[in-house]
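**Student:**
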Amino acid sequence: MASRALFWLSRSPYLPEVQLSRGLLPSSGSVAADHDVGVVEPVTPRKARVLTLCAVVVAVLACYGPFLNRGFTSEDFLLIRFLSEHPPWRDFWKSLGQPWLGIAGILFFRPVSTLLYGAEISLFGTQAPAYNAVHVLVHTLNALTLAMIARRFCGFGAALGAGLLFALYPLHPNAVLFTASFATLFAAGFLLQAFACYLRWRRDGGRVAWILAVGLFVLALGSYEVAVILPVWLVAYEHLLGDAGQSHARRAYGYVPFLGVLGLYLGYRRWILGAIIGGYQGLSDQLLRF
25 MASRALFWLS RSPYLPEVQL SRGLLPSSGS VAADHDVGVV EPVTPRKARV LTLCAVVVAV
85 LACYGPFLNR GFTSEDFLLI RFLSEHPPWR DFWKSLGQPW LGIAGILFFR PVSTLLYGAE
145 ISLFGTQAPA YNAVHVLVHT LNALTLAMIA RRFCGFGAAL GAGLLFALYP LHPNAVLFTA
205 SFATLFAAGF LLQAFACYLR WRRDGGRVAW ILAVGLFVLA LGSYEVAVIL PVWLVAYEHL
265 LGDAGQSHAR RAYGYVPFLG VLGLYLGYRR WILGAIIGGY QGLSDQLLRF
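Each residue of the sequence shown is one higher than the one before, starting from 25 at the first, in the working numbering.
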């Protein structure tokens, strides 16, 4: 039995996650009895997904569940009233050529996330718990996506830890339970899904996953300015962790179109907003000095 177990372990794709207890190897000239052989069952991909799902959901519910009845705060009231009176889909095409909500001096370009928030407003009105429930669900999905991405680069334990850290990070409630921070939450979802699709394309091939990654990147750019970071992730991934069997020039063909999309986005911002770097004008001026 021991020799058969060793043969199975040598063929197992989960060998890094299998731990053998002391006494597994038979002593010379003898074979250990079955009860002397200890094998910790490997964490299969299916089991890892189930454990990650359960752990992240429990952690998020424990952290955010008590606050689902939290009411609106500060800008929540202003945005809900404004977008209920001026639904973003009413003049959607016009909004693509002007600053966010038509406010001069605030160089935001967030038509996609604003459209999603407007849909929430039309559905939920002034029922704050409904917004909180949806945003907690989005946050949970984001944490699970991050854990799935991390699983591509490390073991089950580290990937689960990354997902839990993202789920429970103490600064995230500001984006999850403060509904006026909707853009941060939605953009994070698009951004993480875009990266996950890119990794899936690198693993499995085919055009669908790559096209989805590009589309999700466009949606992320239309949700929040920080989405410009995705091409940096892709460059780092390809040249630090990419296929060692390919030249660095060959690896670039996957992410170069993302750089093109980013260039178009920055040029469009310059055209309609008069600035490449967004945000509040004072902060933009400070950044441009560096």
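Cβ atoms here follow ideal geometry from the backbone N, Cα and C, with glycine treated the same way.
If you're wondering where the values come from, they're calculated on a predicted model, not measured in any experiment.
Might you give, ordered along the chain, the residues of its own chain that have their beta carbon closer than 8 Å to the beta carbon of residue 362, omitting 5 neighbours on each side?
**Tutor:** No answer is possible for residue 362: the residues shown for the chain start at 25 and end at 314.
**Student:** Helix, strand or coil for residue 173? Go by DSSP, reduced to three states.
**Tutor:** Residue 173 falls in the helix class under three-state DSSP.
**Student:** Let me know if residue 288 comes out buried or exposed under the rule of 16 or more other beta-carbons within 10 Å of its beta-carbon.
**Tutor:** Exposed, by the Cβ-count rule.
**Student:** Among 134, 109, 69, whose alpha-carbon lies nearest the alpha-carbon of residue 117?
**Tutor:** Per the Cα distances, 134.
**Student:** Using DSSP with H/G/I as helix, E/B as strand and the rest coil, what is residue 113?
**Tutor:** Of the three classes helix, strand and coil, the one that applies to residue 113 here is coil, per DSSP.
**Student:** For residue 139 and residue 185, what's the separation of their Cα atoms in angstroms?
**Tutor:** Straight-line Cα distance between these residues: approximately 33 Å.
**Student:** Starting from the C-beta of residue 191, find all residues in its chain whose C-beta is less than 6 Å away, skip the five residues before and the five after it, and write them out in chain order.
**Tutor:** Result list for residue 191: 80, 83, 84, 167, in chain order.
**Student:** Do the stretch 202 to 211 and the stretch 158 to 178 make contact, defined as three or more Cβ pairs closer than 8 Å?
**Tutor:** Touching, per the Cβ criterion.
**Student:** So what's residue 49 in DSSP terms, helix, strand or just coil?
**Tutor:** Residue placement at residue 49 cannot be trusted, given a pLDDT of 37 that sits under 50; what the coordinates show is reported in the next sentence. Residue state, collapsed to three classes: coil.
**Student:** Taking DSSP as the reference, what is the three-state secondary structure of residue 90?
**Tutor:** Here residue 90 sits in helix by DSSP.
**Student:** Can you name, in chain order, every residue of its own chain whose Cβ lies under 6 Å from the Cβ of residue 243, other than the five neighbours on each side?
**Tutor:** Around residue 243: 136, 214.
**Student:** Please report the distance separating the alpha-carbon of residue 125 from that of residue 144.
**Tutor:** Rounded to whole angstroms, residue 125 to residue 144 spans 17 Å at the Cα level.
**Student:** Run the CB neighbour count on residue 271, radius 10 Å, all protein chains shown included, and call it buried at 16 or more, exposed below.
**Tutor:** Exposed is the call here.
**Student:** How many Å lie between residue 205 and residue 198 at the Cα?
**Tutor:** Cα-Cα distance, rounded: 7 Å.
**Student:** Within 10 Å of its beta-carbon, does residue 151 have 16 or more other beta-carbons around it, so buried, or fewer, so exposed?
**Tutor:** By the neighbour-count rule (16 or more Cβ atoms within 10 Å), residue 151 is not buried but exposed.
**Student:** Using a threshold of 9 Å, state whether the C-beta atoms of residue 236 and residue 221 are closer than that.
**Tutor:** Cβ distance < 9 Å, so residue 236 and residue 221 count as in contact.
**Student:** Taking all protein chains shown into account, do 16 or more other C-beta atoms lie within 10 angstroms of the C-beta of residue 246, making it buried, or fewer, making it exposed?
**Tutor:** Its Cβ being crowded by 16 or more others within 10 Å, residue 246 is buried.
**Student:** Would you please state the rounded distance, in angstroms, between the beta carbons of residue 171 and residue 187? I believe it to be under 8 Å.
**Tutor:** About 3 Å separates the two Cβ atoms, so the contact holds.
**Student:** Mind checking whether residue 267 and residue 226 have CB atoms under 9 Å apart?
**Tutor:** For residue 267 and residue 226, yes; Cβs fall inside 9 Å.
**Student:** When burial is assigned at 16 or more other CB atoms within 10 Å of the CB, is residue 265 buried or exposed?
**Tutor:** By the neighbour-count rule (16 or more Cβ atoms within 10 Å), residue 265 is not buried but exposed.
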